[in-house]
Amino acid sequence: MKENHPVLTCRGLSKSFGSKKVLAGLDFEAAPGEVIGILGRNGSGKSTLFKILLDLTAPDAGSVSALGLAPDGSGKLRGLIGYVPEKPAFHGFMTVAETLAFRASFFGGWDKAKAEELCKTLELDTRAKAADLSKGNTAKLAWICAAAHNPKLLLLDEPTSGLDYLVRDHILNGLVGELADGGRTIIISNHRMGEMGGLLDRVCVLKDGRLTADYRADFIKTETYKVTLRGEAAPAEEPGMKVLSRSGSISELAVFGRDRMQELKNAGKISGAEISALDLDSAFKALLGE
Amino acid sequence: MIKIDLHSPTPIYEQIKTGFKGLVRKALMLPGDAAPSIRTLAAQLKLNPNTVARAYRELTAEGFFESKRGEENIVSPRAGGLAEADTKNLKARIAEAVADGLKNGLSAKDIEEIINKVKREAI
Amino acid sequence: MKNLIKLQLKKGFLNFAVIFGTLLASVPIALAVKEKTMTPREAINLAMLYWAFAGIPLTTLLLSGIGGAEAAREQARSTEHPLPVSQYSLLLSSLAAVLLEVAALFLALCAILGFNLPLETLNAVQQELLRSYIFAIVYLSLYGFTISYAFKNGIAGAALAVAAVSFTLYPFVITSVFQQMAFELIPMWLIKPAVAAAVLAGGALALKLLSGVNDRKTAWTAGRLSAVVLLLAAAPLTAFSSLAWLNLKARNVVLPVTPMFASPYSADKYLYASRDVKEASRQLLVQRPFYGDAFYIDKDGNRSVIDAGRELPRPGPAYLFPDLAFAQAESITAPSGERWLLYMPQASGSRIVTGNMKTGFTFHAALKNRPWTMDLVGGKEPGIIDRREDGYYHSPLRRGQGGLDWKKIGSIKSGYLSFVGEKYRREGTAAVFRKDGKTLEYRGRTWTIPDAVGTRIPVPGIELADGLNFIVPSETKDSEATYLCRPGGKAELIWPEYFRLTLNLSVTPDGAVWGVSRKTRQTAGSQMVSLISPVLYILTADGEALPGLSTFRVLERTGVTNGEIYLLKAGGGYLWYNTDDRYMVRVGIKNPEDLKIWRLPEVPRRRGYFARDGSVSPSPDGIFIAAADGVYFMDWEGNKKKIY
Chain A
-14 MKENHPVLTC
-4 RGLSKSFGSK
6 KVLAGLDFEA
16 APGEVIGILG
26 RNGSGKSTLF
36 KILLDLTAPD
46 AGSVSALGLA
56 PDGSGKLRGL
66 IGYVPEKPAF
76 HGFMTVAETL
86 AFRASFFGGW
96 DKAKAEELCK
106 TLELDTRAKA
116 ADLSKGNTAK
126 LAWICAAAHN
136 PKLLLLDEPT
146 SGLDYLVRDH
156 ILNGLVGELA
166 DGGRTIIISN
176 HRMGEMGGLL
186 DRVCVLKDGR
196 LTADYRADFI
206 KTETYKVTLR
216 GEAAPAEEPG
226 MKVLSRSGSI
236 SELAVFGRDR
246 MQELKNAGKI
256 SGAEISALDL
266 DSAFKALLGE
Chain B
601 MIKIDLHSPT
611 PIYEQIKTGF
621 KGLVRKALML
631 PGDAAPSIRT
641 LAAQLKLNPN
651 TVARAYRELT
661 AEGFFESKRG
671 EENIVSPRAG
681 GLAEADTKNL
691 KARIAEAVAD
701 GLKNGLSAKD
711 IEEIINKVKR
721 EAI
Chain C
358 MKNLIKLQLK
368 KGFLNFAVIF
378 GTLLASVPIA
388 LAVKEKTMTP
398 REAINLAMLY
408 WAFAGIPLTT
418 LLLSGIGGAE
428 AAREQARSTE
438 HPLPVSQYSL
448 LLSSLAAVLL
458 EVAALFLALC
468 AILGFNLPLE
478 TLNAVQQELL
488 RSYIFAIVYL
498 SLYGFTISYA
508 FKNGIAGAAL
518 AVAAVSFTLY
528 PFVITSVFQQ
538 MAFELIPMWL
548 IKPAVAAAVL
558 AGGALALKLL
568 SGVNDRKTAW
578 TAGRLSAVVL
588 LLAAAPLTAF
598 SSLAWLNLKA
608 RNVVLPVTPM
618 FASPYSADKY
628 LYASRDVKEA
638 SRQLLVQRPF
648 YGDAFYIDKD
658 GNRSVIDAGR
668 ELPRPGPAYL
678 FPDLAFAQAE
688 SITAPSGERW
698 LLYMPQASGS
708 RIVTGNMKTG
718 FTFHAALKNR
728 PWTMDLVGGK
738 EPGIIDRRED
748 GYYHSPLRRG
758 QGGLDWKKIG
768 SIKSGYLSFV
778 GEKYRREGTA
788 AVFRKDGKTL
798 EYRGRTWTIP
808 DAVGTRIPVP
818 GIELADGLNF
828 IVPSETKDSE
838 ATYLCRPGGK
848 AELIWPEYFR
858 LTLNLSVTPD
868 GAVWGVSRKT
878 RQTAGSQMVS
888 LISPVLYILT
898 ADGEALPGLS
908 TFRVLERTGV
918 TNGEIYLLKA
928 GGGYLWYNTD
938 DRYMVRVGIK
948 NPEDLKIWRL
958 PEVPRRRGYF
968 ARDGSVSPSP
978 DGIFIAAADG
988 VYFMDWEGNK
998 KKIY
């Protein structure tokens, strides 16, 4: 079922804007069927990375191979990828139906029936003008445009930020649906990964222009611990361990990995500490700060 | 019908399995009932379908689910027994943990506090 | 791409509709505000003229400026970049939409005029501009769009586009107009397409590079920046360089100085044929229009200056429009060997100058008014005849006697031919018809010519080997003929058409008389023939009257289709021709298969109302060629050398 060739490979991607180096030799690989979350602070380069993958921005150095194609400026790659931009924009004078018909003429493999079905499921009025759509409905339209041509690779940039519960629900349902159809690889960049926790296979942290962390989602859920202990007893930070907070006499640490945990216990560095599971949001926060 | 705690250290697929076993124990699901499709459950819980698929695979392997008349993931007659067995297991584990705690200096009151705390959080 | 263009058109529809509506509305408005004296047609033409020279270019700037600036904005990017087409093709689709809109406006304008553009109302410069119109509009669109895109600003784009187009068109138009009025010096057939290609390729490639930076966020490097600038500057620079080239070439041009209304078939000067023409033709009077100077040159390259020329024109304005000064002149050589030159330059006053190459030329008299009405007249005593409003005047030209002594010789109606004829008769070089109109008499000898076209005016003779001969035409109701009256014999019918020395015969330096058969002489365009080949009648200096000679072979062999063929020399059993100032051809008289062809250096082709230049001038030892890059001399064997 799963092929061995990665769906997406990046090697040594670098990009600077003026003197600001946004990507510095980034390496990344995605296997078919994986759901990958890319975590990064604002301005960390997530959008730039996506733009390079989508053949919208030219990298200064490095290579990309996606679905067997390399970005060459022709835009062909975009025909194979389902992309939901951070701020989707459509031509205001076109209705939803016209927008979909317009897109259909550009994407081979566009499934008209699927697009119609999605409109119904998401309760999107096809006669509404794009300029009149609310933020939520715009997001829905963006999602339909990305999914209707059945791409093997989906790139979503902040797909749920600023959306209400119901719309977010729809979007996540849509993602699940795509996954259920099989063979889709999804890469999501989000500020807050908490709500995606159930979907992700992998979480990568984009920091200082590179992926500084790449963990399996299971790992984050099951092998991250919160260690609470008295301030003086707190050990210094080491790899795999991060200070979450120090208030008064109490320090909280995050420890990543069961082995790490065991090491620390054996070394006696955390005797007398209270150990509990680390929740996802705190884990991600720790990763970002690492 | 099943509650998943994303923050729990227990793997999600385990929670799904436990969830179904709980449903059978509470007689909310009876042998012969079909479990919701992978897709439906995944959509409901906002989970990766692979995760749900894994849970279903294991439940089928354990004999909790069976395939009948071309349909998959039907609660098997043995489900009840397995759920029970599971419960027994769980109970035994809890007893072990309590004993451990008592041995190591916790009082009965401490253990009660813990139980109350967990009860509050679980609901 | 089609869908993209449709999209861009839809996006800009409102702007376009407003402008289109304005164009349409200008028709009723023009009719409403027109002056009473104008016809409706004229009013509409005027309105459309404003649209053509102002409205449409401004609209082009507007649409392309907006289009380019919009395409650079984030808005356009975010709605269209997700499409699986290259970002460059998105830009091209926007540009295509602008071009289509402008084309629609232009077609509407033509339609309003009924597809009947009133070109006659335009002057030369405007006509030239119109020829380049479509190119200029496309140029404005492409550059307006690209530069607006580069600066993300429609106004900057429009301003720079106008600058670029003006910079290109100005030298273009000037060069074209110059070449139309003066002569072809640089290959506009090559330069125009080159500039057009530079505009299209330069603009499109610059746009592609800019898209790389703007859309794809490739970094600006020094190389990239200079590439964009060079690509955009290529067209204006090429156009300006062509003007420089024109200037350089114009400096070298040497033209013969000819009379204003010369024609190879004209007369009077050649009356004192053999000697005047032979000796006079040993030197060629040439001018350099760029410098305004003129001088005589002989076959060995010796020169004698007639006019030192004017100061070199100031570089600036001269560069922008090479200002040429053309001179005309007429000359006659007296029996004493003195040359009289009626010199009419543009840059200084017309005058009569006299002298010879050995001793130089001196000023004789100034001519104030209308020198082009004057003609020199030869004979034992050279003179000058002036046609004035109240009649014809004559003054003899006498050395040592400065100034002119004008005497009226006839009224306007009576003309001057009788005066000249009388003069020649008195000098003993003309014969007279007896009262019967058929008998010609000279020094006691008579000839009877049947049906002669007798005149009261004495018939000038032509000096051939056997003495003074007379050529007399004759005419009946249905036929014509020309007779030759030889000194030792009778009147011989030589040619079956009407020829007269003072009318339609020319003389070569070696003394041959020749004319073109009127029946076969055609002007280009009068008849649809693929090759005009006139029949020539030649009377050699030895007195041999050749029958009508076909020039077809010679013209065909030299690829000349316009019938321009002139006799240069007839002697030794051969004829030498000049075909279209491009080739010299030697043909055997008895054996036309004996054909030798020599290519002549390129001569400047003058346009306009000037008749044939005389760029190729025969002389006894060979021919002078006033070429585009100097003066050459070629002998009768085809050996040529550059003498200036």
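Here the protein sequences come in this chain order: A, B and C. All residue numbers for the first sequence refer to our numbering, where the first residue is -14 and numbers rise by one. All residue numbers for the second sequence refer to our numbering, where the first residue is 601 and numbers rise by one. All residue numbers for the third sequence refer to our numbering, where the first residue is 358 and numbers rise by one. C-beta atoms are modelled at their ideal positions from N, C-alpha and C, and glycine is treated no differently.
Tell me where the beta strand (DSSP E) around E837 (chain C) begins and ends.
-> 837 to 842
Can you pull the DSSP bridge partners for G945 (chain C)?
-> C:Y931
Beta-ladder partner(s) of G748 (chain C), from DSSP = C:R745
Taking DSSP as the reference, what is the three-state secondary structure of M178 (chain A)?
-> coil
Whole-angstrom C-beta distance between Y934 (chain C) and L925 (chain C), which should lie under 8 angstroms | 6 angstroms
G162 (chain A) and R639 (chain B): beta carbons closer than 8 angstroms?
-> yes
Interface flag, R654 (chain B) vs chain A, CB-CB below 8 angstroms = no
Quick one: what's got a C-beta closer than 7 angstroms to A400 (chain C)'s C-beta in the same chain, skipping five residues either side?
-> A387, L388, K391
Count the other C-beta atoms from every protein chain shown that fall within 10 angstroms of the C-beta of H(-10) (chain A), then say buried if there are 16 or more, exposed otherwise.
-> exposed
Stretch pair the region 700 to 708 of chain B + the region 658 to 668 of chain B: three plus CB contacts closer than 8 angstroms = no
Using the C-alpha atoms, what's the distance from A74 (chain A) back to I376 (chain C)?
-> 28 angstroms
Within 8 angstroms of chain A by C-beta, residues of the region 620 to 653 of chain B in sequence order = I638, R639, A642, A643, L645, K646, L647, N648, P649, N650, T651
What are the start and end residues of the beta strand (DSSP E) that includes T796 (chain C)?
-> 796 to 799
Cut-off 8 angstroms between Cβ atoms - residues of its own chain near L466 (chain C), not counting five sequence neighbours on either side | L380, M405, W408, A409, I413
Which full runs of the beta strand (DSSP E) of 3+ residues lie inside the region 89 to 162 of chain A, going along the chain?
-> 138 to 142
Is it buried or exposed for P677 (chain B), if we count other Cβ within 10 angstroms and need 16 for buried?
-> exposed
Take R708 (chain C) and list the residues in its own chain whose beta-carbon comes closer than 7 angstroms to its own, dropping the five residues that flank it on each side.
-> Y700, F720, A722, A723, L724
Quick one: does S59 (chain A) have its CB under 8 angstroms from some CB of chain C?
-> yes
Does any residue of chain C bring its CB to less than 8 angstroms from the CB of T42 (chain A)?
-> yes
Neighbourhood of T730 (chain C) by C-beta distance below 8 angstroms, restricted to the same chain and skipping five residues each side = D743, R744, R745
Reduced DSSP category for Y966 (chain C) - H, G, I as helix; E, B as strand; rest coil = In this prediction, Y966 (chain C) scores a pLDDT of 47, lower than 50, which makes its location untrustworthy; the coordinate-derived value is nonetheless stated afterwards. Coil, per DSSP.
Could you check what DSSP says for W602 (chain C) in three-state terms: helix, strand or coil?
-> helix
So the beta strand (DSSP E) Q644 (chain C) belongs to, where does it begin and stop?
-> 640 to 645
CB S608 (chain B) to CB A262 (chain A), shorter than 8 angstroms?
-> yes
Please classify T610 (chain B): does DSSP put it in a helix, a strand, or coil?
-> coil
Would G794 (chain C) pass as a contact of D823 (chain C) if the rule is Cβ separation under 8 angstroms?
-> no
T33 (chain A) and L8 (chain A) closer than 8 angstroms at C-beta = yes
Mind pulling the chain B residues with CB within less than 7 angstroms of D203 (chain A)?
-> P611
In the DSSP assignment, what residue or residues form a beta bridge with V662 (chain C)?
-> C:F652
Mind checking if L562 (chain C) is an interface residue toward chain A, Cβ cutoff 8 angstroms exclusive?
-> no
Nearest-angstrom Cα distance between S771 (chain C) and L825 (chain C)?
-> 28 angstroms
Do you know how far the Cα of I423 (chain C) is from the Cα of S48 (chain A)?
-> 37 angstroms
Mind checking M358 (chain C): buried by the 16 CB within 10 Å criterion, or exposed?
-> exposed
Within its chain, find whatever has a CB closer than 6 angstroms to the CB of A927 (chain C); leave out the 5 residues flanking it on each side and keep chain order.
-> A869, I895, T897
Should E71 (chain A) and D154 (chain A) be called a contact, given that it needs their Cβ atoms to be closer than 8 angstroms?
-> no
Taking the Cβ atom as the reference point for each residue, do L196 (chain A) and R26 (chain A) lie within a distance shorter than 8 angstroms?
-> no
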